[in-house]
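Heads up: the structure comes next, in structure tokens.
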Ligand SMILES: [Zn+2]
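Rendered as structure tokens:
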């Protein structure tokens, strides 16, 4: 398990999908632009051994902007179907981000107080996100097109969840 498997931090793109610059830390691990922020040590398994690496990000992504890149990728996925490894990676990262934000939205609904308009609004975001996550659990081996449609749906849910920032994010 790497640090990024925990809900406390964003899930990084799969190592196999990264450019050499992203691997070396010169380029942002999320978007590929010039990296200026250290993301700390991450462990990954490589041929049975644990390897440390030190990914870096650009300032906007480190400040939470990586979510915008994720949403943009999710929105374009049905137009231009990416290769399967990229699609699966995108899907896992979208799920991770939706899961991270769900408790924050649930708390906002609870704090707003039952029956209030604001509670209702928060709850609608929560319910739609849970639906999108549950839908995914039903079928373990979806076709690329189904996976792309789920990415698109998770991207829409994530868009609604952007205001609910997980603690630990700057
Ligand atoms: Zn970036």
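Numbering (the working numbering), first residue to last: 457 to 626. Each residue gets a CB set at the ideal place from its N, CA and C atoms; glycine is no exception. Here the structure is a predicted model, which is why all the values come from computation and not from measurement.
- Between residue 547 and residue 612, the CB-CB gap reaches or exceeds 8 Å.
- Cβ-Cβ separation between residue 528 and residue 554: approximately 16 Å, too far for a contact (criterion under 8 Å).
- Shown here for residue 545: same chain residues with a beta carbon closer than 8 Å to its own, the five before and five after excluded, namely 469, 470, 473 in chain order.
- Judged by DSSP in its simplified three-state form, residue 581 adopts helix.
- For the pair residue 618 and residue 476, the Cα-to-Cα distance works out to about 30 Å.
- Per the C-alpha coordinates, the member of 597, 496, 556, 500 positioned closest to residue 512 is 496.
- Counting the other Cβ atoms within 10 Å of the Cβ of residue 486 gives 16 or more, which makes it buried.
- For residue 606, the enclosing alpha helix (DSSP H) stretches over residues 600–617.
- Just measuring C-alpha positions, the residue of 602, 614, 550 sitting nearest residue 467 is 550.
- Put simply, of 542, 589, 570, 569 the residue whose alpha carbon is nearest the alpha carbon of residue 558 is 589.
- Here residue 491 carries a coil assignment [DSSP, helix/strand/coil].
- For residue 567, the uninterrupted alpha helix (DSSP H) run begins and ends at 540–568, by DSSP.
- In this structure, residue 582 sits away from residue 604, with a CB-CB distance that is not shorter than 8 Å.
- The beta carbon of residue 478 lies closer than 6 Å to those of 485 in the same chain, with the five residues before and after it left out.
- Check the Cα spacing between residue 535 and each of 614, 565, 600, 507: the tightest is with 600.
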